[in-house]
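Trainee: Pasting in a structure now, in structure tokens, and then I'll have a few things to ask.
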């Protein structure tokens, strides 16, 4: 991929890049404003499938970040987009919350426990044994197994919580069936994001804080990759992997132009 000055469109991860525990990171608000002022096509990506884009936009606003609803791309939206292409007007049994349920409804899907085309497992704070049992039986009867994102754990104030990847592993163990996982590091999530903003990989960059999801998927999708050190990865973490990002920066504040963008008052 070429140099940063050839980049016309941006994809950025959310947690660890723009926000950390509901606090905006240095430079995040300025970078978003810079993109808005310049009319730069961009999307904020997250593997979290709990929230709708509207919910996330409100949460970010509370953190001091202005991200319009249509600038958010979640693993739930990417999953609904993918399933709509696979089986238009299909049906699904869903383990998840508003994010994935709303996305599938809006994509024209019917939610059912009777012979669904797909079993979709997303992020939720309340995994029910009853629902997991239903999922296992439906997959055993031929429903296709889809997972919104592969994250095995999620953060909480008290420590890690089991997340989608852990529940998916339980279902795989019981059924012998591997799921198709839509979220990062599957480059599918990036391709659908590019399609949403009409961007091409040749002139689009991805900003992320994780080598094993954002950066590897960015490389596989043919994007210019920028690793920020405000999240998970540090230099020692980078060395573990056989691939490298195009750029490593301390934080998104390094991507804010030093000259203010002229705006009409």
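Numbering (full-length UniProt numbering), first residue to last: 1 to 265. For glycine and all other residues, C-beta sits at the position ideal for the given N, C-alpha and C. Please read all numbers here as calculations on a predicted model, not as lab measurements.
Could you tell me which whole alpha helix (DSSP H) segments of length 4 or greater appear in the stretch 107-195?
Mentor: With a minimum length of 4 residues, the continuous alpha helix (DSSP H) runs that stay inside the stretch 107-195 are 129-140, 164-175.
Trainee: The beta strand (DSSP E) that contains residue 91, what's its start and end?
Mentor: Note, residue 91: beta strand (DSSP E), 91-95.
Trainee: Can you name, in chain order, every residue of its own chain whose Cβ lies under 6 Å from the Cβ of residue 166, other than the five neighbours on each side?
Mentor: The residues are 152.
Trainee: In the structure shown, what three-state DSSP assignment does residue 1 receive?
Mentor: Summary for residue 1: the model assigns pLDDT 47, below 50, so the residue's position carries little reliability; its value from the coordinates is reported in the next sentence. Three-state result, residue 1: coil.
Trainee: Do you know offhand how far residue 245's Cα is from residue 173's?
Mentor: Rounded to whole angstroms, residue 245 to residue 173 spans 35 Å at the Cα level.
Trainee: Tell whether a beta-carbon distance below 8 Å holds between residue 10 and residue 40.
Mentor: Cβ distance < 8 Å, so residue 10 and residue 40 count as in contact.
Trainee: Does residue 42 pass the burial test, meaning 16 or more other C-beta atoms within 10 Å, or should it be called exposed?
Mentor: Buried, by the Cβ-count rule.
Trainee: If you run the structure through DSSP and keep just helix, strand and coil, what is residue 268?
Mentor: Coverage of the chain is limited to positions 1 through 265, which leaves residue 268 absent and any answer about it impossible.
Trainee: Below 8 Å between beta carbons: does that hold for residue 192 and residue 82?
Mentor: For residue 192 and residue 82, yes; Cβs fall inside 8 Å.
Trainee: Would you kindly check if the distance between the Cβ of residue 206 and the Cβ of residue 225 is under 8 Å?
Mentor: Cβ distance < 8 Å, so residue 225 and residue 206 count as in contact.
Trainee: In its own chain, which residues sit with a C-beta less than 6 Å from the C-beta of residue 1, not counting the 5 before and 5 after it?
Mentor: Any answer about residue 1 is weak, because its pLDDT of 47 lies below 50 and its placement is not dependable; what the coordinates show is given next. 224, 246.
Trainee: Where does residue 150 land, buried or exposed, given buried means 16+ other C-beta within 10 angstroms?
Mentor: Residue 150 should be labelled buried.
Trainee: Quick check on residue 200: does DSSP put it in helix, strand or coil?
Mentor: Reduced to three states, the DSSP call for residue 200 is coil.
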